[in-house]
Amino acid sequence: MRSSSDGTFSKGELLPFGPIQLNPSSAVLNYGQGLFEGLKAYRKEDGSILLFRPEENALRMIAGAERICMPAPTVEQFLDAVKQTVLANKRWIPPAGKGSLYIRPLLVGSGPVLSLVPASEYIFLIYVAPVGNYFKEGLAPINLIVEEGYHRATPGGTGGIKTIGNYASVLKAQKIAKEKGYSDVLYLDSVHKKYLEEVSSCNVFVVKGNVISTPATKGTILPGITRKSIIDVATSKGYQVEERLVSVEELLEADEVFCTGTAVVVSPVGSITYLGKRMEYGNNGVGVVSQELYSSLTSLQMGLVPDNMGWTMQLQ
Ligand code: PMP
91 MRSSSDGTFS KGELLPFGPI QLNPSSAVLN YGQGLFEGLK AYRKEDGSIL LFRPEENALR
151 MIAGAERICM PAPTVEQFLD AVKQTVLANK RWIPPAGKGS LYIRPLLVGS GPVLSLVPAS
211 EYIFLIYVAP VGNYFKEGLA PINLIVEEGY HRATPGGTGG IKTIGNYASV LKAQKIAKEK
271 GYSDVLYLDS VHKKYLEEVS SCNVFVVKGN VISTPATKGT ILPGITRKSI IDVATSKGYQ
331 VEERLVSVEE LLEADEVFCT GTAVVVSPVG SITYLGKRME YGNNGVGVVS QELYSSLTSL
391 QMGLVPDNMG WTMQLQ
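Written out as C-alpha cells, the structure is:
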C-alpha cells in the first residue's frame, strides 16, 4: 500500500514475498524513518484462525507515525491488510498448539530526501512467517544481565514507539550479553540508572506476594500489548498490579520476575545479573504466578477458553 500526496493510503495488493525497490535517498534508508509492528495469528482445533488484539497494533502504529512525522493507514486499512495477508498465507499457519504465524507490518518513508525532512511518500507492507518459541528455552526460565553503559532509550526520545532505529541501538548490548551466556539484556533508565525499563524486545514484571509491579510507560519503554493484556488478566485474578517506577533494588526481594511480548508471550526469568551479583527466581523452574498468567493468556490467544475479554478476532 502506498501513500498519496495527501497522506492517505491507496488500496494495496497481494504480491509474492521478495525484494522491494527503494530509492537510495529514501528517508528510511538515510534517516531511519520507519516503524514496524508484530502480532500473531493462531489456528484453533476446528481450523478457524484467530488474531490477538490487532486493532491495538494499528493504534500503536498510528501513534508512532505521529511521533516521527509520517502518515499512517487507518485502523480499518491496517486490519483489512492484516486479514488479507493472513488469509492468503493460511497454509503457513501451524496446526493448533504447534506455534503461530508471526505478522510483521512495516511503514517506511520511501520518498527521496537529501536534507533531514520527512519523506513525501510512504510504503505500508506486511509479511508473515510461521514461528515457534522465541527463546530457545521455551517456557523454561531465561537469564538476563543488566549491561551498564547501554541504555535503550532516553526521556524525550523514541523509546515509546516501535521505530526501527530503537532496535539497532540494542544490537551491541544484546550481542555482549549473549557472548557471556545470557538470553538478553535488562535495561535501566538512562537518568537515574536505577529504575527498570524493559528487555530488548519485551516488557518486564516483578512479583512480590500478591503484588505485581511493572515499569510505567512514560515514553522510554514500549507500551506492549501483551503487557497491557497481562495487567488486565492479573487484575481479574485478584492480583494487585502496580504501574510505577520499579527500582533495580526490588529485584533482590522479588519472588518472581517475568517478561511479556508478542514473540516471548510470558517468559519466566530464572536469574538477573547486576553488578556481578546473580539474583535467582523460581528455584530453577517456572514460578507459580508466571505459569498461571502464561496459561491464562495463551488459552485466550489460542481460543481454548471463551474469550470474555473480547480480545480475539476470528478470521474464518
Ligand atoms: N518492548 C519492546 C522494546 C518490544 O520490541 C516489544 C515487542 N513488540 C515489547 C516490549 C512487547 O510488546 P508487545 O507485547 O506489543 O509485543
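Using full-length UniProt numbering, the first residue of the sequence shown is number 91, and each one after it goes up by one.
No residue lacks a Cβ here, since even glycine has one placed at the ideal position from N, Cα and C.
For Y384 and F99, the rounded distance between their alpha carbons: 37 Å
task: Kindly provide the ranges of any alpha helix (DSSP H) runs that are 4 or more residues long and lie completely inside the segment 209-268, ordered along the chain.
output: 255-258
Bounding residues of the beta strand (DSSP E) (the contiguous stretch that carries A155): It is not in any beta strand (DSSP E) - A155 instead sits in the alpha helix (DSSP H) that spans P144 to R157.
- prompt: Under the criterion of a Cβ to heavy atom distance below 6 Å, does E332 qualify as lining the ligand PMP?
  reply: no
task: With a threshold of 6 Å, establish whether the CB of G351 neighbours any heavy atom of the ligand PMP.
output: yes
- request: Measure the alpha-carbon distance for F214 versus A344 and round it to whole angstroms.
  value: 42 Å
message: Does the distance between the C-beta of S291 and the nearest non-hydrogen atom of the ligand PMP fall short of 6 Å?
response: yes
field: Unbroken beta strand (DSSP E) run spanning K298, endpoints
entry: N293 to K298
task: Determine the DSSP secondary structure at L140, reduced to helix, strand or coil.
output: strand
- prompt: What do you get for K265, buried or exposed, if any count of 16 or more other CB atoms within 10 angstroms of its CB means buried?
  reply: exposed
task: Helix, strand or coil for D274, going by three-state DSSP, please let me know.
output: strand
- prompt: Any chance the CB of G137 is under 6 Å from a heavy atom of the ligand PMP?
  reply: no
task: Using a threshold of 7 Å, state whether the C-beta atoms of Y272 and N233 are closer than that.
output: yes
field: Alpha-carbon to alpha-carbon, P313 and L365
entry: 27 Å
field: Rounded straight-line distance, which links the Cα of R181 to that of S290
entry: 31 Å
Cβ-heavy atom distance, E288 to the ligand PMP, below 6 Å: yes
- request: Mind the definition here: the segment 107-117 touches the segment 240-247 only if three or more C-beta pairs lie below 8 Å; say whether that holds.
  value: no
- prompt: Any heavy atom of the ligand PMP closer than 6 Å to the Cβ of I315?
  reply: yes
field: For T253, the nearest candidate out of G393, V172 and L119 (CA to CA)
entry: L119
task: Check whether the Cβ of K128 sits closer than 6 Å to any heavy atom of the ligand PMP, and report yes or no.
output: The residue asked about is misnamed: residue 128 is Gly in this sequence, not Lys. Flag set: Cβ of G128 near the ligand PMP.
query: Any chance the CB of L312 is under 6 Å from a heavy atom of the ligand PMP?
result: yes
query: Of the residues V281, A258 and S200, which one's Cα is nearest the Cα of G239?
result: V281
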